[in-house]
Amino acid sequence: MGYGITCVWGLGDIGLGGVVLLGGLGGGGDSGGALPFAFELNRLGVTTVFAGFVNARVGDVRGAEHVTGALMRVYSSTVSPSTRFFEPSIAFLGYETYCICCKEPRPMVLEAVNWLIRKYGVETLVYVDMGGDSLVFGDEPLVGSWKEDMAALSILAEIAEKNNVKAYLAVGVLGGEGGGKSLSQPHLAENISWLLRDKAYYGYYEPGKHTLRSLLQILPILLKKTPSPMLTLYLDALRGIQGTREYHILYLQGKYHVKQYYKYHFLFNPITVCKKSLFCQHMKKNWRKNTRTNTIRKKIRRTPPIKLETIINKLLEKKIDLKTIIDKHNTKTPLRKTNHHPHTYYIGGT
Numbered sequence: 011m012g013y014g015i016t017c018v019w020g021l022g023d024i025g026l027g028g029v030v031l032l033g034g035l036g037g038g039g040d041s042g043g044a045l046p047f048a049f050e051l052n053r054l055g056v057t058t059v060f061a062g063f064v065n066a067r068v069g070d071v072r073g074a075e076h077v078t079g080a081l082m083r084v085y086s087s088t089v090s091p092s093t094r095f096f097e098p099s100i101a102f103l104g105y106e107t108y109c110i111c112c113k114e115p116r117p118m119v120l121e122a123v124n125w126l127i128r129k130y131g132v133e134t135l136v137y138v139d140m141g142g143d144s145l146v147f148g149d150e151p152l153v154g155s156w157k158e159d160m161a162a163l164s165i166l167a168e169i170a171e172k173n174n175v176k177a178y179l180a181v182g183v184l185g186g187e188g189g190g191k192s193l194s195q196p197h198l199a200e201n202i203s204w205l206l207r208d209k210a211y212y213g214y215y216e217p218g219k220h221t222l223r224s225l226l227q228i229l230p231i232l233l234k235k236t237p238s239p240m241l242t243l244y245l246d247a248l249r250g251i252q253g254t255r256e257y258h259i260l261y262l263q264g265k266y267h268v269k270q271y272y273k274y275h276f277l278f279n280p281i282t283v284c285k286k287s288l289f290c291q292h293m294k295k296n297w298r299k300n301t302r303t304n305t306i307r308k309k310i311r312r313t314p315p316i317k318l319e320t321i322i323n324k325l326l327e328k329k330i331d332l333k334t335i336i337d338k339h340n341t342k343t344p345l346r347k348t349n350h351h352p353h354t355y356y357i358g359g360t
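Numbering follows this note's numbering, in which position 140 of the sequence shown is assigned residue number 150; successive positions increment by one, without gaps.
Next comes the structure, spelled out in structure tokens:
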């Protein structure tokens, strides 16, 4: 017997004019981390399109359709030299899926996003970082793998500043980058405290019961196709697994601690985050030139006397309902009743 998966509605089945554009900031499992938003928004009757930022050139992505600038239309059969290319797995679920190639010049990357906004009437963008290195400001002793995330964040911030759209930076597995060993947890906590002070935090998102059921069913299958350390930690947290476990997934090798709050996404204002980050400002001005960490970071900030768990508790005081995103920002076309017919996929078995 095969595995039945019910999850996705195509563009022709949805009745909302204002489309939500989803994707990952840093490639790999980041785009997979946007699936909870897609499932939940689809259930609410909102059209979603995926377009993940990837660390590649247009010519690196094979079996895809070049659309414009740095934009490629991705299919389930599309391949890339990277083993962490998650977008084909999303296309496999039936979503209209693109990738934005961030090794191309900045104008081509901006052109890609602007084309998607015009094409689909996008009013809201939700971009996901799994791990938390999008929240580094550039003067910490540990900064994770910031380059891809900050390149994409600088684009997201500029798009939000110059277009009539609302953008959200959604951070999952907060502080878990590298299993929690690639970021300075006290510095990350201080950064978030400053974002709270500046009212750049919108709230945390937790999947509803129907979305949770779909995620628990679908993510294990997708992770077999495309392994992702951060997405695996997220899945384990959704399963209710906490504490120390041993992992052997790509760069995640050894024992790591799964935190209860890894199952949440924390939503921030990308414009404010980018303004506070030396790395993001560098990407806006210089794109991918001279990106050595010590060239940008002139000094290392002292370690603050603050724990990440203390700040997490403050973040958990404010929960966001995705309906508010729809009500506030998808206003071009009113929501109308439609008959949704989820596609069912059968994978493996007979």
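A virtual CB, placed ideally from N, CA and C, is assigned to each residue, including glycine.
**Request:** Using three-state DSSP, classify Arg223 as helix, strand or coil.
**Result:** The residue labelled residue 223 in the question sits at position 213 within the sequence shown. Helix at Arg223.
**Beta-carbon gap between Val89 and Arg67 smaller than 8 Å** = Sequence index remark: in the sequence shown, residue 89 carries index 79 (1-based). Sequence index remark: in the sequence shown, residue 67 carries index 57 (1-based). No. Outside cutoff.
**Request:** With DSSP collapsed to three states, give me the class of Gln252.
**Result:** Stepping through the sequence shown from its first residue, residue 252 is reached at position 242. The answer is coil: DSSP assigns Gln252 none of H, G, I, E or B.
**Buried/exposed call for Gly250, threshold 16 Cβ in 10 Å** = Here residue 250 is taken as the residue at index 240 of the sequence shown, counted from 1. Burial call: exposed.
**Request:** Note the first and the last residue of the continuous alpha helix (DSSP H) segment covering Val119.
**Result:** Along the sequence shown, read from residue 1 onward, the residue named residue 119 stands at position 109. Note, Val119: alpha helix (DSSP H), 116-130.
**Prompt:** Is Ser194 buried or exposed, if buried means 16 or more other CB atoms sit within 10 Å of its CB?
**Reply:** One-based indexing of the sequence shown puts residue 194 at position 184. Its Cβ being crowded by 16 or more others within 10 Å, Ser194 is buried.
**Prompt:** Which same chain residues, not among the five before or five after Asn279, have their C-beta less than 6 Å away from its C-beta?
**Reply:** For the purposes of this step, residue 279 is taken as residue 269 along the sequence shown, with counting starting at 1. Around Asn279: Ala210.
**Asked** Would Asp331 be called buried (16 or more neighbouring beta carbons within 10 Å of its own) or exposed?
**Response** The residue given as residue 331 occupies position 321 in the sequence shown. By the neighbour-count rule (16 or more Cβ atoms within 10 Å), Asp331 is not buried but exposed.
**Request:** Assign Glu200 to one of three DSSP states: helix, strand, or coil.
**Result:** By 1-based counting over the sequence shown, the position of residue 200 is 190. Glu200 falls in the helix class under three-state DSSP.
**Prompt:** Between the Cα of Pro237 and the Cα atoms of Phe47, His258, Asn323, which residue gives the shortest distance?
**Reply:** As a working note, residue 237 is residue 227 in the sequence shown. With distances taken between Cα atoms, Pro237 lies closest to His258.
**Prompt:** What three-state label does DSSP hand Phe60 in the structure shown?
**Reply:** Indexing the sequence shown from 1 puts residue 60 at position 50. In the structure shown, Phe60 sits in a strand (DSSP, three-state: E or B).
**Prompt:** Between which two residues does the alpha helix (DSSP H) carrying Ile110 extend?
**Reply:** Start at 1 with the first residue of the sequence shown, and residue 110 comes out as number 100. That residue, Ile110, is in no alpha helix (DSSP H); its beta strand (DSSP E) goes 107-111.
**Request:** Determine, using beta carbons only, whether Leu35 and Phe63 come nearer to each other than 8 Å.
**Result:** Within the sequence shown, the letter at position 25 stands for residue 35. Within the sequence shown, the letter at position 53 stands for residue 63. Yes, the Cβ-Cβ distance between Leu35 and Phe63 is below 8 Å.
**Prompt:** With DSSP run on the structure shown, which of helix, strand or coil describes Ile259?
**Reply:** In the sequence shown, counting from the first residue as 1, residue 259 sits at position 249. Correct three-state label for Ile259: strand.
**Request:** Please look up how many angstroms separate the CB atoms of Pro142 and Phe96, rounded, as I've assumed it's under 8 Å.
**Result:** Translated into positions along the sequence shown, residue 142 becomes position 132. Translated into positions along the sequence shown, residue 96 becomes position 86. The amino acid occupying residue 142 in the given sequence is Gly; Pro does not appear at that position. That pair is no contact at about 18 Å.
**Message:** Along the chain, where does the beta strand (DSSP E) containing Leu45 start, and where does it finish?
**Reply:** Against the sequence shown, residue 45 aligns to sequence position 35. Counting along the chain, Leu45 falls outside any beta strand (DSSP E), though it belongs to the alpha helix (DSSP H) covering 45-53.
**Prompt:** Thinking just about the alpha-carbon of each residue, which of Met140, Met118, Leu45 is nearest to the one in Val77?
**Reply:** Counting from one through the sequence shown, the residue named residue 77 turns up at place 67. Measuring from the Cα of Val77, the nearest candidate turns out to be Met118.
**Message:** Taking 8 Å as the threshold (C-beta atoms), are Met140 and Val183 in contact?
**Reply:** Counting from 1 along the sequence shown, the entry for residue 183 is found at position 173. Counting from 1 along the sequence shown, the entry for residue 140 is found at position 130. Their beta carbons are under 8 Å apart, which means Val183 touches Met140 by this criterion.
**Prompt:** Under the three-state reduction of DSSP, which class applies to Gly69: helix, strand or coil?
**Reply:** For the purposes of this step, residue 69 is taken as the residue at position 59 of the sequence shown. Reduced to three states, the DSSP call for Gly69 is helix.
**Item:** Alpha-carbon to alpha-carbon, Thr334 and Gly28
**Value:** The residue labelled residue 28 in the question sits at position 18 within the sequence shown. The residue labelled residue 334 in the question sits at position 324 within the sequence shown. Their backbone Cα atoms lie some 14 Å apart in a straight line.
**Boundaries of the alpha helix (DSSP H) in which Ala80 is found, first to last residue** = Counted from its first residue, the sequence shown places residue 80 at position 70. Unbroken run through Ala80: none, as it is neither H nor E.
**Request:** Check the DSSP bridge columns for Met160 and list the partner residues they point to.
**Result:** Numbered from its first residue, the sequence shown carries residue 160 at position 150. Answer is none; Met160 lacks a bridge partner.
**Request:** Would you mind reading off the limits of the alpha helix (DSSP H) that contains Phe102?
**Result:** Within the sequence shown, residue 102 is the residue found at index 92, counting from 1. Where Phe102 is concerned, the enclosing alpha helix (DSSP H) stretches over 97-102.
**Message:** Spatial neighbours of Gln263 within its chain, please: C-beta separation below 8 Å, excluding the five flanking residues on both sides.
**Reply:** Residue mapping note: residue 263 aligns to position 253 of the sequence shown, counting from 1. Result list for Gln263: Tyr257, in chain order.
**Asked** Is DSSP giving Lys176 helix, strand or coil here?
**Response** Taking the sequence shown and counting its residues from 1, one reaches residue 176 at position 166. Three-state DSSP puts Lys176 in a strand.
**Message:** Does the segment 271-289 come into contact with the segment 144-152, if we say contact requires no fewer than three beta-carbon pairs (one atom in each stretch) closer than 8 Å?
**Reply:** yes
**Asked** If we ignore side chains and look at the alpha-carbon of each, how far apart do Tyr272 and Pro239 end up?
**Response** What you label residue 272 is simply residue 262 of the sequence shown in a count that begins at 1. What you label residue 239 is simply residue 229 of the sequence shown in a count that begins at 1. Near 13 Å, if we compare the C-alpha coordinates of Pro239 and Tyr272.
**Message:** Quick check on DSSP: helix, strand or coil for Lys294?
**Reply:** Position 284 of the sequence shown, counted from the first residue, corresponds to residue 294. Three-state result, Lys294: helix.
**Asked** Can you tell me the Cα-Cα spacing of Cys109 and Arg94, whole angstroms?
**Response** Taking the sequence shown and counting its residues from 1, the one referred to as residue 109 is at position 99. Taking the sequence shown and counting its residues from 1, the one referred to as residue 94 is at position 84. In a straight line, the C-alpha of Cys109 is about 13 Å away from that of Arg94.
**Asked** What separation, rounded to the nearest whole angstrom, lies between the Cα atoms of His275 and Ala180?
**Response** One-based indexing of the sequence shown puts residue 275 at position 265. One-based indexing of the sequence shown puts residue 180 at position 170. C-alpha separation (whole angstroms): 6 Å.
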